[in-house]
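The block underneath contains the structure these notes are about, expressed in structure tokens.
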Amino acid sequence: MNKLLIATNNNGKVLELQDLLKGSGIEFITPAQFNLEMDVEEDGTTYAENASKKAIAFAKASGLISLADDSGLEVEALDGAPGLYSARYSPKPGAKDADRRAFLLENLKDKPRPWKAHFHATIAIATPEGQVQLAEGNCYGEIIPEERGTGGFGYDPIFFMPELGKTMAELDMDEKNRLSHRARGVTNAMPILKTLFGK
Ligand code: ITT
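Oh and the sequence shown: position 12 is 11 in numbering that gives the first Met the number 0, straight run, nothing missing.
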């Protein structure tokens, strides 16, 4: 089957990646549509290692070329935290996105503003034979202390983009997918995908 597998368990990422890939002429499928349940341990020390590990695991399990994203939020005043650990950044067992946002704001509350930050995404594309190619994207802004907007996921409601005067959660899918770290990563990955799929 000549389809690209979107190798993520994060529904927010699935929706964005589907939208980003839709004009490319490349057919894609999600793990749910493929009936594939995989939880890959993210024990790497870089985004590239974790993205590669996820892409290879999904590609080997499915027999399909697979695209994984490893991403995170880096806050200057916290020396780059939560970074690689953005999905796990809360002491609370069973923490959700809102708990992670609250924990981040708690850690920032005594630091002088603006709380400059950027999102990073590393995109890995793996073949079932285990060959991987990488691309990256970043998006710059600042963290604000009050939540705004209901779109997106994760840290979006507190990630403010000064040039737009909006948080990422106030952007619609089209806007987020023009500007985000993931959108930039996928744009940079497009030549790799087009070569692999002969487009
Ligand atoms: P998969 O590994 O299954 O793809 P995950 O959510 O565990 O899902 P990561 O390990 O890459 O993915 O963690 C990325 C975290 O960084 C994510 O859970 C959010 O907390 C945050 N993040 C990444 N991109 C984001 C975005 O566009 N908006 C808000 N938060 C984002």
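Ideal Cβ placement from N, Cα and C applies to all residues, glycine included. Treat the numbers as computed from the prediction; the structure is a model and nothing was measured.
Query raised in the report: Is phenylalanine 118 closer than 8 Å to serine 61 when the C-beta atoms are compared?
Result: Not a contact, by the Cβ cut-off of 8 Å.
Requested in this report: Drop a sphere of 10 angstroms on the beta-carbon of asparagine 10, count the other beta-carbons inside from all chains shown, and report buried for 16 or more, exposed for fewer.
Outcome: When all chains shown are included, asparagine 10 counts as exposed.
Query raised in the report: Is the beta carbon of asparagine 10 within less than 7 Å of some heavy atom of ligand 2?
Result: No copy of ligand 2 appears in this structure; the ligands present are ligand 1.
Report task. If I'm right that alanine 58 touches alanine 134 with Cβ under 8 Å, what's the distance once you round it to whole angstroms? Result -> With a contact defined as Cβ atoms closer than 8 Å, alanine 58 and alanine 134 miss out at about 16 Å.
Requested in this report: Compare the Cα-Cα distances from asparagine 187 to each of Pro144, Ser23, Met160, Val13 and report the closest residue.
Outcome: Per the Cα distances, Ser23.
Query raised in the report: Based on Cα-Cα distance, which residue from Glu162, Glu145, Pro161 lies nearest to tyrosine 154?
Result: In terms of CA proximity to tyrosine 154, Glu145 leads the group Glu162, Glu145, Pro161.
Query raised in the report: Since glutamine 17 is in the beta strand (DSSP E), which residue starts that stretch and which ends it?
Result: No beta strand (DSSP E) contains glutamine 17, which is instead part of the alpha helix (DSSP H) from 10-20.
Report task. Out of Tyr139, Glu162, Gly79, Thr45, point me to the one whose CA is closest to isoleucine 122's CA. Result -> Put simply, of Tyr139, Glu162, Gly79, Thr45 the residue whose alpha carbon is nearest the alpha carbon of isoleucine 122 is Thr45.
Report task. Look at the Cβ atom of alanine 168, then the Cβ atom of arginine 181, and state whether they are nearer than 8 Å. Result -> The beta carbons of alanine 168 and arginine 181 sit no closer together than 8 Å.
Query raised in the report: Is the beta carbon of glycine 43 less than 8 Å from the beta carbon of asparagine 34?
Result: Not closer than 8 Å, so no.
Query raised in the report: Would you call the stretch 169-176 and the stretch 1-8 touching, i.e. three or more CB-CB distances under 8 Å?
Result: No, they do not touch.
Report task. Output the boundary residues of the alpha helix (DSSP H) element that contains methionine 160. Result -> No alpha helix (DSSP H) holds methionine 160; the beta strand (DSSP E) holding it covers 158-160.
Query raised in the report: How about isoleucine 157 and leucine 104: are their beta carbons less than 8 Å apart?
Result: Yes. Within cutoff.
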